[in-house]
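K.L.:
In terms of UniProt numbering, the sequence shown opens at residue 1 and continues consecutively. The beta carbon of each residue, even a glycine, is placed where N, CA and C say it ideally should be. It should be emphasised that the depicted structure is a prediction, and the values quoted were computed from it without experimental measurement. If you scroll down you'll find the structure; I have some questions about it.
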Amino acid sequence: MQITFKHVEYRYSFNTPFEKLALEDINLEIPTGRFLSVIGHTGSGKSTLLQHLNGLLKPTEGTVTMGAHTIHAKQKSKSLKAVRQKVGIVFQFPEHQLFEETVLKDICYGPMNFGISREVAESRARELIVKVGLTEDVLSKSPFDLSGGQMRRVAIAGVLAMDPEVIVLDEPTAGLDPRGQKEIMDMFYELHKEKGLTTILVTHSMEDAARYADEIVIMQKGRLKKQGAPREIFSHAEELFEMGLDVPDVVRFQYEYEKASGRSLGRTCLTIEE
Ligand code: ADP
């Protein structure tokens, strides 16, 4: 599903004394199957941008086109159901949304609510629980008897059970230990490669952006400041410094060495897995 933002503006509390401009003239194309990473400071508009991807927010100006659906200010929320089904959002700390008695019921809740049969939903749950790195015996447990990291995996399986075409990840590894972080990100990368799942990742980790994304977008003060392949973005490390973004050590070292010595190290220093 091709995604296009055209002149998107978003104002919170529109037409009230508390009006707040959060997105300004965003133009962005996300082709089917892309892995896009969105980076930027807190308050730069990343979450607001994400919430336009399944109609949780509608632009106050401009349009967001998701496949055959165009979302604009005057759209009725009901007509967005079809879009919501195709876009899975993993919010920060998704485990806070677990609520059912068993893991199986929790994973099946979304699909069954959208009219998928119990049989199909349960078969997806059995497949997905393994995919997210757990074992089938977890399905009969209460989600609240699991560790934080296991709960996170169950919540992710619940989003994947909707069989989305697009997956939106808002800091999906926040609060996990480094091994858990890598396992979860590798899993999303595998899904993206296997199924051609369009993946949009908001992250504070430049390493993750560099390692997994085909393309990086940098948000600053509600605007799309820069867009490009990781190599392009990181070959201008000075601009990232100026924006106060946390650049990986390897890039920082390269930049500081070049600045101090006046010699170029080339751009081979940053290794990006392809
Ligand atoms: P990020 O995800 O990059 O931290 P956000 O999209 O959350 O940024 O916020 C963008 C801007 O919108 C910020 O200035 C923020 O204070 C403001 N904002 C976010 N949510 C609301 C809200 N519910 N009401 C009013 N302003 C908001």
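Just the residues with CB closer than 5 Å to a heavy atom of the ligand ADP, in chain order, which are they?
P.N.:
In chain order, the qualifying residues are Y12, K20, A22, T42, G43, S44, G45, K46, S47, T48.
K.L.:
For F114, which residues in the same chain have their Cβ closer than 6 Å to its Cβ, ignoring the five residues on either side in sequence?
P.N.:
Locating residue 114 in the sequence shown gives position 114, counting from the first residue. Contacts found: Q85.
K.L.:
Which whole runs of the alpha helix (DSSP H) in the stretch 13-92 are 4 residues long or more, in chain order?
P.N.:
As far as the stretch 13-92 is concerned, its whole alpha helix (DSSP H) runs of at least 4 residues are 46-50, 81-86.
K.L.:
Under 6 Å Cβ to Cβ from M112, same chain only, skipping five residues before and after it: list those, please.
P.N.:
The residue you call residue 112 lines up with position 112 of the sequence shown. Here the set comprises A121.
K.L.:
Using the C-alpha atoms, what's the distance from T102 back to L49?
P.N.:
Here residue 49 refers to the residue found at position 49 when the sequence shown is read from its first residue. Here residue 102 refers to the residue found at position 102 when the sequence shown is read from its first residue. Taking the straight line from one Cα to the other gives about 33 Å.
K.L.:
Determine the DSSP secondary structure at G115, reduced to helix, strand or coil.
P.N.:
The sequence position of residue 115 within the sequence shown is 115, counting from 1. Coil, per DSSP.
K.L.:
With E190 as the anchor, note down where its alpha helix (DSSP H) starts and where it stops.
P.N.:
The residue given as residue 190 occupies position 190 in the sequence shown. First-last of the alpha helix (DSSP H) with E190: 178-195.
K.L.:
Mind checking whether L169 and T199 have CB atoms under 8 Å apart?
P.N.:
Locating residue 169 in the sequence shown gives position 169, where the first residue counts as 1. Locating residue 199 in the sequence shown gives position 199, where the first residue counts as 1. Yes, Cβ-Cβ distance for L169 and T199 is below 8 Å.
K.L.:
Express the C-alpha separation of L201 and T60 in angstroms, rounding to a whole number.
P.N.:
In the sequence shown, residue 60 corresponds to position 60, counting from 1. In the sequence shown, residue 201 corresponds to position 201, counting from 1. Whole-angstrom Cα-Cα distance: 24 Å.
K.L.:
Can you tell me whether E29 is buried or exposed? The criterion is at least 16 other CB atoms within 10 Å of its CB, across all chains shown.
P.N.:
Walking along the sequence shown from the start, residue 29 turns up at place 29. Exposed, because fewer than 16 other Cβ atoms sit within 10 Å of the Cβ of E29.
K.L.:
Need the endpoints of the alpha helix (DSSP H) that L160 sits in, please.
P.N.:
By 1-based counting over the sequence shown, the position of residue 160 is 160. Segment 148-160, the alpha helix (DSSP H) holding L160.
K.L.:
Of the residues Q150, A125, F234, which one's Cα is nearest the Cα of K105?
P.N.:
As a working note, residue 105 is residue 105 in the sequence shown. Checking every option, the nearest Cα to that of K105 belongs to A125.
K.L.:
What do you get for E95, buried or exposed, if any count of 16 or more other CB atoms within 10 angstroms of its CB means buried?
P.N.:
Position 95 of the sequence shown, counted from the start, is the residue given in the question as residue 95. Burial call: buried.
K.L.:
Within the same chain, show all residues whose beta-carbon is closer than 6 Å to that of R11, passing over the 5 residues directly before and after it, in chain order.
P.N.:
Position 11 of the sequence shown, counted from the first residue, corresponds to residue 11. Cβ within range, chain order: E19, L21, T60.
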